[in-house]
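12 is the number of the first residue of the sequence shown in our numbering; add one for each residue after it.
Every residue gets a Cβ at the ideal spot worked out from N, C-alpha and C, and that includes glycine.
For reference, the structure is listed below as structure tokens.
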Amino acid sequence: MIPDGIPRYGGGTNGIAAVSKAAEERGVDTEIYHCGFDPNSLDMIIFPQQSLAIFDSTAPHEHFPSREGDEILDVYELAITAGTDERFEDQIAEIRGRYSRSMKEAIALLATIREVQEPVLRIYDQAVDREAIRRLAEGISAEVDALTNSSVVGD
């Protein structure tokens with residue numbers, strides 16, 4: 012099921028959150044996926060036992076049905092009064108412009124972070140003593156095994 016509508020208002024996020032809460036209250040096994048740009052926003056929930064996924068198809072992650080059984084739930088059509096877009100056309104255009112600029116800025120900042128981070132990671136990679144890490148990991152593993160075995164044997 013692919014909820015679609017106005018991002019953050021009539022789209023999938025609010026519906027997904029409501030469905031997720033209802034599923035949790037009923038004890039339904041649910042996998043919840045948050046938005047990579049906004050951890051307070053839900054992008055998808057999966058119900059493994061029902062073989063059902065519901066994900067937000069509003070911008071910036073629009074998706075259109077491509078498989079048999081995919082279904083769009085047009086939340087906008089169900090919840091928004093006809094003519095609303097036209098009445099608020101200027102405000103909507105301004106908000107969409109700000110949103111688009113913010114997304115482009117965020118993507119550019121992530122690219123800059125990557126450019127700065129890659130040389131630092133190469134330096135760390137060259138400086139790491141992999142054999143020392145392996146020995147340390149083996150020692151920790153041996154300690155865990157000894158503690159686990161000794162508590163089991165002592166019972």
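Residue i and residue j closer than 9 Å at C-beta
i	j	result
F48	A117	yes
V30	I56	yes
E42	F58	yes
I106	D96	no
Residue i - DSSP class collapsed to helix/strand/coil
i	result
E42	strand
D85	strand
I144	helix
G108	helix
A28	helix
A122	helix
R98	helix
D49	coil
E73	coil
T159	helix
A93	coil
Y20	In this prediction, Y20 has a pLDDT of 46, which is less than 50 and means its spatial position is unreliable; nothing more can be read from the coordinates.
R78	coil
V139	coil
R133	helix
Cβ-Cβ separation, residue j to residue i (assumed contact under 8 Å), whole Å
i	j	result
L53	A28	5 Å
Q60	D40	6 Å
P76	I83	6 Å
Residue-chain proximity (residue i, chain D), Cβ-Cβ < 9 Å
i	result
D67	In the displayed structure, chain D is absent; only one protein chain is listed.
DSSP beta-bridge partners of residue i
i	result
I57	E42, A64
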